[in-house]
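**Q** Let me give you the structure first, and then I'll get to my questions.
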Amino acid sequence: MRDPPGVLVWLGGAVVLHDALIAPLVLLIGWVLVRGGVRGTVRGALLVAGALTAVALPVLLRPGKPANSSVLPLDYPSNWLLTMVAVAMVTALLPAARRTRRSRQRPPSQGPVHAPASGRLTGVLRTCGSGRVGLGGLMR
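Structure below.
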């Protein structure tokens, strides 16, 4: 290590940057999203996009081409952008897939299944004529 004081300054700056800027900003964005009613899928996508960006940031901010072309042989900014588009597409398609799956699980004529008014299911299970156990008035 050629410059120990420089490394210590860099590490100290990273801690201050994280604690003074990055962590409060992430908490504020998360609080705003929860208050705004944003679903877990969008929050998860933002988390994935943030993590991918944090990993790719050194390569994205490096100007020009490296002196040794074998060090960074791929087009990282384009690949990062493609990854962000893939995350956005999965985020947009996931709620539609969930709605489709839910509509196929329950026939439209039955409607929603409700628990008894007491909120307990005791005494609801009973044996049908065929010997199988069923849910009394909850399922037809």
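So the sequence shown is numbered by our numbering: it starts at 1075 and just counts up by one. Idealized CB from N, CA, C, for every residue including glycine. Predicted model, so just to flag it, every value in this text is computed and none were measured.
Looking only at its own chain, which residues have a Cβ that is under 7 Å from the Cβ of methionine 1075, when we skip the five neighbours before and after it?
**A** Only Val1081 meet the Cβ criterion.
**Q** Among Thr1127, His1092, Val1159, whose alpha-carbon lies nearest the alpha-carbon of leucine 1135?
**A** Ranking Thr1127, His1092, Val1159 by Cα distance to leucine 1135 puts Thr1127 first.
**Q** Which stretch, first to last residue, makes up the alpha helix (DSSP H) that contains valine 1164?
**A** Residues 1150–1179.
**Q** Suppose contacts are defined by Cβ-Cβ distances below 9 Å. Is alanine 1119 in contact with valine 1164 by that definition?
**A** Yes, these two residues count as a Cβ contact at 9 Å.
**Q** Could you spell out the range, first to last residue, of the alpha helix (DSSP H) harbouring arginine 1109?
**A** Note, arginine 1109: alpha helix (DSSP H), 1097–1109.
**Q** Between the segment 1104–1121 and the segment 1137–1144, can you find at least three pairs of beta-carbon atoms closer than 8 Å?
**A** At 8 Å Cβ cutoff, the stretches do not touch.
**Q** Once DSSP output is grouped into helix, strand and coil, what is the label at arginine 1117?
**A** Three-state DSSP puts arginine 1117 in a helix.
**Q** Hey, how far is the Cα of leucine 1148 from the Cα of valine 1122?
**A** Cα to Cα, the separation comes out at about 21 Å.
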